[in-house]
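First the structure, in the form of structure tokens, and then the observations on it.
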Amino acid sequence: MDLRFTDEELAFRDEVREFFRTALPDSIRRKMIEGHHPSKDDLVTWSRILNTKGWAVPHWPVEWGGTGWSPVKQYIFRDELQQAPAPEPLAFGVSMVGPVIYTFGNEDQKRRFLPRIANLDDWWCQGFSEPGAGSDLASLKTTAKRDGEYYIVNGQKTWTTLAQHADWIFCLVRTDSTVKKQEGISFLLIDMKTSGITVRPIQTIDGGHEVNEVFFDDVRVPVENLVGQENKGWDYAKFLLGNERVGIARIGISKARLKRVRELASLERIGDVPLIDIPRFREKLAAVEVELKALEMTQLRVVAAESRREKGKPDPASSILKIKGSEIQQATTELLMEVVGPFAMPYHPEEEGRNEPTDGPDWASTAAPTYFNWRKISIYGGSNEIQKNIIAKAILGF
1 MDLRFTDEEL AFRDEVREFF RTALPDSIRR KMIEGHHPSK DDLVTWSRIL
51 NTKGWAVPHW PVEWGGTGWS PVKQYIFRDE LQQAPAPEPL AFGVSMVGPV
101 IYTFGNEDQK RRFLPRIANL DDWWCQGFSE PGAGSDLASL KTTAKRDGEY
151 YIVNGQKTWT TLAQHADWIF CLVRTDSTVK KQEGISFLLI DMKTSGITVR
201 PIQTIDGGHE VNEVFFDDVR VPVENLVGQE NKGWDYAKFL LGNERVGIAR
251 IGISKARLKR VRELASLERI GDVPLIDIPR FREKLAAVEV ELKALEMTQL
301 RVVAAESRRE KGKPDPASSI LKIKGSEIQQ ATTELLMEVV GPFAMPYHPE
351 EEGRNEPTDG PDWASTAAPT YFNWRKISIY GGSNEIQKNI IAKAILGF
């Protein structure tokens with residue numbers, strides 16, 4: 001298998017790289033380099049720049065705004081986006097519910113939702129995890145009972161990222177409790193402005209407000225908002241999570257962070273010697289770089305095989321990408337912490353709506369929050385332990 005890029009693909013990479021260099025607003029670029037979260041306004045601005053270019057949803061079907069790029073070009077685009085670094089389009093819409101709608105939704109749902117997702121006119125969040133249903137997601141308790149032309153939804157979701165901004169939430173709900181737990185689940189699209197929905201913030205260790213609890217009390221959801229068939233939601237969820245795990249590898253982000261580690265380690269000194277020249281540190285940095293290169297080769301093999309895969313069926317190898325990608329991302333934050341050392345101690349929680357980072361050594365003050373926050377990466381999208389079970393069953397045949 002030849003994993004080298006063709007001349008056409010290399011020219012495409014140069015075009016994408018130049019676009020990110022010139023089109024990304026400087027204020028957003030600075031935030032990304034210094035490790036700050038882009039604000040809602042930042043994401044909306046950047047998503048609409050991409051959409052105007054026709055690049056907001058490159059992996060979608062052409063009729064719904066996709067580019068028609070090959071899997072390799074899509075990989076190059078994502079890699080360059082992450083290395084720029086630029087904000088990724090809101091995954092809950094672009095990479096999660098959007099593909100579910102264009103794959104399993106009806107024509108009315110496609111026309112209603114897909115253009116608004118591409119332009120970030122609607123902000124989506126994900127209603128999967130519950131207090132008693134995380135890794136064992138099929139044990140969810142939130143119910144949806146049919147009442148004429150509506151479902152009446154009751155229950156609770158938790159760890160709902162950015163629900164405080166959301167216009168819509170896609171939810172897994174139990175519509176039949178008399179069958180095997182995976183067989184009684186449906187996939188609903190719910191307007192967050194509907195009466196009976198309460199969003200309660202969960203404050204994270206860094207003082208931020210990223211995740212939430214969402215409560216549903218007799219929420220009336222039109223039957224027309226059911227995606228696909230009733231009680232088939234588990235199939236759609238597996239499809240969605242397979243797509244999510246490929247993106248979680250975030251090879252470009254790890255490349256960008258290792259580049260930053262090298263730059264900062266050249267400035268930081270141990271006595272008279274730059275940290276980058278300390279043999280033990282160089283060994284640790286090189287070890288992560290080798291792991292990342294191996295992961296990149298694995299990602300390219302998955303990309304190369306994509307054209308031969310059954311449409312709508314994720315590659316189980318995405319579980320390998322998820323495991324190694326999350327481990328490498330965590331390792332890069334550990335290296336960054338080692339570089340910045342005591343400079344990581346001063347910390348100012350990010351303020352909602354602030355357009356510029358605070359003055360001071362932001363490259364250091366964001367290191368500790370990122371380190372702690374990224375412990376979650378090996379958990380969400382299906383914990384790494386669950387992914388190992390998938391690999392054992394679907395790839396190794398155990």
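Residues in the sequence shown are numbered consecutively from 1, following full-length UniProt numbering.
All C-beta atoms, glycine included, are put in the ideal place defined by N, C-alpha and C.
query, result
"For the segment 82-97 and the segment 41-50, state whether three or more C-beta atom pairs, one from each stretch, are separated by less than 8 Å.", "yes"
"Alpha carbon to alpha carbon, how far is residue 190 from residue 297? Give it in angstroms, no decimals.", "39 Å"
"Residue 275 by DSSP, collapsed to three states: which one?", "helix"
"For the candidate residues 71, 265, 383 and 162, whose alpha-carbon lies nearest to that of residue 325?", "383"
"Is it buried or exposed, residue 201, if we count other Cβ atoms within 10 angstroms and call 16 or more buried?", "exposed"
"Here's a check: name, in chain order, each residue in its chain whose Cβ is nearer than 6 Å to the Cβ of residue 371, leaving out the five neighbours to either side.", "333 and 337"
"Residues in its own chain within less than 6 Å of residue 35 by CB, not counting five upstream and five downstream?", "366 and 370"
"Which two residues bound the contiguous alpha helix (DSSP H) that contains residue 115?", "107-118"
"Drop a sphere of 10 angstroms on the beta-carbon of residue 299, count the other beta-carbons inside from all chains shown, and report buried for 16 or more, exposed for fewer.", "buried"
"Assign residue 59 to one of three DSSP states: helix, strand, or coil.", "coil"
"According to the Cβ coordinates, are residue 126 and residue 160 closer than 8 Å?", "yes"
"Consult DSSP for residue 145 and reduce its assignment to one of helix, strand or coil.", "strand"
"Is residue 127 helix, strand or coil by DSSP?", "strand"
"Please classify residue 146 as buried or exposed, where buried requires at least 16 other C-beta atoms within 10 Å of its C-beta.", "exposed"
"On the three-state DSSP scale, how would you describe residue 325?", "helix"
"Taking the Cβ atom as the reference point for each residue, do residue 400 and residue 265 lie within a distance shorter than 8 Å?", "With the chain covering 1 to 398 only, the question about residue 400 has no answer from this structure."
"My guess is that residue 196 and residue 167 are in contact by the Cβ rule of under 8 Å, so how many angstroms apart are they, rounded?", "The Cβ separation is near 16 Å, so there is no contact."
"Can you tell me which of 175, 270 and 267 puts its alpha carbon nearest to the alpha carbon of residue 233?", "175"
"Is DSSP giving residue 383 helix, strand or coil here?", "coil"
"For the alpha helix (DSSP H) that residue 198 lies in, which residues bound it at each end?", "It is not in any alpha helix (DSSP H) - residue 198 instead sits in the beta strand (DSSP E) that spans 197-203."
"Straight-line CA distance for residue 354 to residue 37?", "Unreliable positioning characterises residue 354 in this predicted model, as indicated by a pLDDT of 44, which lies under 50. A coordinate reading is not provided."
"Nearest CA to the CA of residue 286: which residue from 106, 220 and 259?", "259"
"Our contact map puts residue 319 next to residue 248 with C-beta atoms below 8 Å; I'd like the distance itself, whole angstroms only.", "Incorrect: roughly 10 Å between the Cβ atoms, too far for contact."
"Say whether the segment 143-157 touches the segment 207-225, bearing in mind that this needs 3 or more beta-carbon pairs closer than 8 Å, one atom from each stretch.", "yes"
"Identify whether residue 168 lies in helix, strand or coil by the three-state DSSP scheme.", "strand"
"Going straight from the alpha carbon of residue 93 to that of residue 51, what length do you get?", "14 Å"
"Give the single residue among 163, 171 and 173 whose Cα lies nearest to the Cα of residue 212.", "163"
"Tell me which residues share the same chain as residue 62 and place their Cβ nearer than 7 Å to its Cβ, disregarding the 5 neighbours each side in the sequence.", "68"
"Is it true that the CB of residue 169 sits closer than 8 Å to the CB of residue 100?", "no"
"Going by beta carbon distance, what residues of the same chain come within less than 8 Å of residue 65, once the five residues before and after it are set aside?", "51, 54, 56, 57, 114, 115 and 118"
"Please classify residue 398: is it buried, with 16 or more other beta-carbons within 10 angstroms of its beta-carbon, or exposed?", "exposed"
"Is residue 229 buried or exposed, if buried means 16 or more other CB atoms sit within 10 Å of its CB?", "exposed"
"Can you tell me where the alpha helix (DSSP H) with residue 254 in it begins and where it stops?", "251-267"
"Is there at least one Cβ from chain B nearer than 8 Å to residue 250's Cβ?", "The chain inventory of the structure shown lacks chain B, comprising one protein chain alone."
"Buried or exposed: which applies to residue 78, given that a residue is buried once 16 or more other Cβ atoms fall within 10 Å of its Cβ?", "buried"
"Report the three-state DSSP secondary structure of residue 335 (helix, strand or coil).", "helix"
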